[in-house]
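Peer 1:
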Amino acid sequence: MPTRDVPDVSVVIIVYNDEERLPRAVRSVLDQTLNNLEVIIADDCSTDDTERVARSPAAADPRVRYERLEQNSGGCSAPRNRGIAVARAPHIMFLDSDDELPRHACKSMLLVAEETGVDFVTGEVTRYFEENDTTGLWYPRLFTKQQVVEGIAEEPDYFFDHLSTNKLYRTAFIRDNGLTFPEGIHYEDQLFSAQAYTLAESFAVVPWSVYTWRLAPESVSISSSRHKIQNVRDRIGVARLIDAWFDEHGHSALRPEKDYKFLRHDFRLYLGDLPFRDPEWIAEFAEAVNPYLDEIADETYARLSREERVCLHLLRVGRLAELQIAARELGHPLIAPRFVCEAGDGTVYWGTEVPADPRGRSELDLDERHIRDQVLSGGQIRHEIESLVPDGAVLRLGLRTYDPAGIIGEGVEASLKLAAHGKPLTVPLELRPDGEGQYVSEAGLDLRRVPVGKAGVAVRRHPVVSLEYDGVRRADPILAPHDLPAHRASVTYNTVGVHEALVRPELRGMGRLEVSWERQGVLKALQPMGPVARKVKKKVGRVKKVFAGNEGKATVYDTFSKLPRKRSLAVFEASEGRGYCDNPRYIYEELRRRNLPIDVVWSYNGDRSSFPEGVPLVRRGSWAYGRALARASYWVDSHNLPYLYGKPNGTRYLQTWHGQTLKAMGFDVPSLRQAPAPDQQAFRDGVARWDALVCPSAEFERTFVPAFEVDAELIRSGYPRNDVLVRWAEPEQRARAAAVREKLHIPQEKKVLLYAPTFRDAARGTGQSIRVDFEELAATLSDEWIVVVRAHPYDRFKVAPRLAHFLRDGAGFPDINDLLLSCDAVLTDYSSLMFDYANTGRPILLYTDDYDDYRGGDRGMYYDLEEIAPGPMLTSTDQLAAAMGNLEGVAERHADRYARFQEMFCSYETGYASKMVVDAFFEGGTRD
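Take 715 as the starting number for the sequence shown in the numbering used here and just add one per residue.
Encoded structure:
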């Protein structure tokens, strides 16, 4: 294949005895969208068939060159240095033979490099775990946006990005600075990258994946050899080389940033392993690392988490047995210390004795966790196995529970649970007091009672201890001793074979107990073998997929839908089946008040706990769900029922929707406007099913109705879910609010702020919508306020134990009205929640530090929030704290804006929307 004389990028692939995986790495480069490149295969004198494998693409494609070292170097540095020496392109990258480059990596980084003129470009790394076919990202917080950094001192956090393989360098930058990989040492990437960062005048960051790091199940890489003391010494050795480089080249001021990275990344890896090492190993480890730890400044230690500081202090003072106990808490904020103690001044410390020296008191101080103020939902508890006795297929467990916060009180119900197909196996536990803050219990886990499918146990293989009180539930892992022996038990599966259960400690996590399953006996013998059997199995699989998948469900649904309607049947669904909530709930309750002859079946998607007892339920997406929809005379829904189900003749569909429109919706969203015609038609067909649409305001009609191309009857009633907010002062609503506060353990004297931000389209499930600095806010307001955080269902949030005195998680309330009624003010950002809460007349605060990015996103907004906001738009914790500290003043200053906001978005709300909707749709009728 002809190419220009000078390639744009040289990709150096280093290899040693990797004949099987090398072709995959080479192909990932040759298939790049950038064609004008060269591949340099730098072979570290392999002894297997690697040379023949490498010479094959070199003979077939002039872009590939093969370089073989004369003798094996035993590391990655020498072959990379050979590549640097012979590279012909103005830009260079490095690739390991067991990894790959994403298809656009070279071209996308080259364009950025040429546009910016930086010394190198760095990008995200996708870590691919071959064992379970999953992926993860390498320090995603570093790669959230495209930017140019003018030197590492401007953004020292990039020391954490110490790989050399996710970067495209100017070749002249490397050669002019004499940059090479240090030979004869391990972790050479770290020194090379530290040197590159300190030498670069500028570097660019791109927020997309430019490297695929494949992690094999049985990796034998240097970085996975942490069980060897020499591995520890190698990491410290390279850290000292970096320190020397800084000193020699005038970068000593960067040492604290490098030390912080060393403690948070390199050293943290070993800390997490310590619970599973023997005492002799830990003693050697302490001897190897403590001299270097003593050189790190106290200010750097102060930046670490309290859990890390406790571990490091115990290590440095030689309390190694306690270190193993403390290391279990790392990365698992709900796991408690076994013991805490209290000094005369009320300060709470880790361990059984108040530290005698100032440094101990500083490092073991747990006051920031507010141990005495923790509650069941977010407090710290620890469960450990004290004994495990196999008795056939029954595991007899002896457990000890540590509750230093004292959050297990009267009425707390405990059980041991193992998730499985269908309903989990649940064994009641009796927590018996056994010393201060300790409980013991026993359980027999009968594995014969676990419903096992052909693929084994689904969802969770680790038993957990579940605690529940007054509707508040939590599930915590059971910590297993590192020397717990594995046990096997054969369990009958149906009548044709057995599964074998393997019970062992799972050391990759936190030393939990794992129950894994293997098929044995007849089932194993029945597995198809040979090409004919495999073809039969594949065909059966296709038939099963067609039958059980959407295609099969649609066919059966069409058959059901030709049957006569069941005149009294109605299917209700709210929030895509997430619970008993939203507008459908209040319409349903109005139907019940009137005792109308309508039989309602509710759709649920997983959790049924929020539905009143006795309400008929059907699982969303099941065969019964399709049958109910096909036979029902009424559909009532708050989002949009799956497009799969066309509306049968004679069925009427009431769409209540679930909010008003601040963000662009429907065909006003560019991605839908530009979507393929079939996707647009599917959207139109889904909306065309609606017979009636509930409208909360004239603004909703102006924006939502044309955006969705709605042709349904409009019921101008306001939202049924808002009736209780309009009438919040009535005794029934006040009692509901009081019950919520009691359930969340909120003291009567404290005010409540509900923080309920919406999700970010490009960052679902990342937690990025939670933008408030709670630690800073708690420092000034925890004496007066409790903040209830209600993350969007598309996002995630967990209360950190150190903030459990100030924060509550509102996720346990499917109907957000419970929280709206119980709070004194709402903090949101761009959520339609503000339109609902305005019906109460209570203060609304907006935390909008990313407003410019949000309104400039793909969807866009119908309004300039700065013009219509009913309260202050805040961009910092200081501003938020000031507003919460003077809520009356805030309300007074924004009274006129609040009134205009209510006039725009609450104009149809009377407090009797439920009645009006039932009158119009169920008793008055709408257009067929």
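Just so you know, even glycine gets a beta-carbon here, dropped at the ideal spot from N, CA and C. Quick caveat, the model's predicted, so the values are computed rather than measured.
#1: Have a look at the DSSP bridge pairing and note the partners of F1286.
#2: Can you list, in chain order, the residues of its chain with a C-beta nearer than 7 Å to that of R1023? Leave out the 5 residues immediately preceding and following it.
#3: Alpha carbon to alpha carbon, how far is L1007 from A756? Give it in angstroms, no decimals.
#4: Using a Cβ distance threshold of 8 Å, determine whether the stretch 1100-1114 contacts the stretch 1063-1075, with at least three qualifying pairs required.
#5: Does the Cβ of Q698 have 16 or more other Cβ atoms within 10 Å, making it buried, or fewer, making it exposed?
#6: Contact defined as beta carbons within less than 8 Å: I believe I806 pairs with I888. What is the distance between those atoms, to the nearest angstrom?
#7: With a threshold of 8 Å, establish whether the CB of I996 neighbours any heavy atom of the ligand FAD.
#8: Quick one: Cα of L1181 to Cα of F1325, how far?
#9: Could you please give me the residues that DSSP links to P1191 through a beta bridge?
#10: Within 10 Å of its beta-carbon, does R1042 have 16 or more other beta-carbons around it, so buried, or fewer, so exposed?
#11: Quick one: any contact between the stretch 1410-1424 and the stretch 1376-1392, if contact means 3 or more CB pairs under 8 Å?
#12: What residue range does the alpha helix (DSSP H) around A1452 cover?
#13: Taking the runs of the beta strand (DSSP E) that are 3 residues or longer, which of them lie wholly in the stretch 729-806?
#14: What is the C-beta distance between H1196 and P1219, in whole angstroms, given that I count them as a contact (C-beta under 8 Å)?
#15: Which of the three DSSP states is assigned to A1262 in this structure?
#16: What residues are listed by DSSP as bridge partners for L1159?
#17: Which complete alpha helix (DSSP H) runs does the stretch 923-978 hold, if anything under 4 residues is left out?
#18: Taking C-alpha atoms, which residue in L1026, A967, R991, E1001 lies nearest to F981?
#19: Nearest CA to the CA of P854: which residue from V1217, R802, T836, L1407?
#20: Thinking Y1367 and W1404 are a contact (beta carbons under 8 Å), I'd like their distance in whole angstroms, please.
#21: Whose C-beta lies closer than 6 Å to the C-beta of E1287 among residues of the same chain, with five residues either side of it excluded?
#22: Beta-carbon separation of V1466 and A1539 under 9 Å?
#23: Who are S1230's beta bridge partners in DSSP?
#24: What does DSSP give as the partner residues of R1096 in its beta bridges?
#25: Can you tell me which residues form a DSSP beta bridge with F1418?
#26: To the nearest angstrom, how far is it from the Cα of L1468 to the Cα of V1408?
#27: Run through DSSP, which three-state label would P1362 get?
#28: Once DSSP output is grouped into helix, strand and coil, what is the label at T836?
#29: On the CB-based measure, 16 or more other CB atoms within 10 Å of its CB, does N1357 come out buried or exposed?
#30: Would you tell me roughly how many angstroms separate the C-alpha atoms of V952 and F960, rounded to the nearest one?
#31: Just how far apart, CA to CA, sit L1044 and R1114?
#32: Does DSSP put V723 in a helix, in a strand, or in coil?
#33: Should the stretch 829-849 be called in touch with the stretch 757-773, which here means at least 3 C-beta pairs below 8 Å?
#34: Please give me, in chain order, every unbroken run of the alpha helix (DSSP H) with length at least 4 that falls completely inside the stretch 1518-1574.
#35: So, for Y1302: in the same chain, excluding its five sequence neighbours on each side, which residues have a beta-carbon less than 7 Å away from its beta-carbon?
#36: If V924 and L824 are in contact, beta carbons under 8 Å, what's the gap, nearest whole angstrom?
Peer 2: So, to answer that:
#1: W1316, V1350
#2: Y1015, E1077
#3: 37 Å
#4: no
#5: No answer is possible for residue 698: the residues shown for the chain start at 715 and end at 1642.
#6: 7 Å
#7: What this structure holds is no ligand at all, so the ligand FAD is not there to describe.
#8: 21 Å
#9: V1178
#10: buried
#11: yes
#12: 1445-1457
#13: 751-757, 778-782
#14: 7 Å
#15: For A1262, the predicted structure reports a pLDDT of 49, less than 50, and the residue's modelled location is therefore unreliable. A value from the coordinates is still provided. Correct three-state label for A1262: helix.
#16: L1109
#17: 943-962, 969-975
#18: L1026
#19: T836
#20: 5 Å
#21: S1317, D1351
#22: yes
#23: L1216
#24: Y1116
#25: DSSP output for F1418 lists no bridge partner at all.
#26: 26 Å
#27: coil
#28: strand
#29: For the sequence presented, residue 1357 should be read as Tyr rather than Asn. Flag for Y1357 reads exposed.
#30: 13 Å
#31: 20 Å
#32: strand
#33: no
#34: 1531-1536, 1547-1551, 1565-1569
#35: F1286, V1314
#36: Their Cβ separation, rounded to whole angstroms, is 11 Å, which puts V924 and L824 out of contact at 8 Å.
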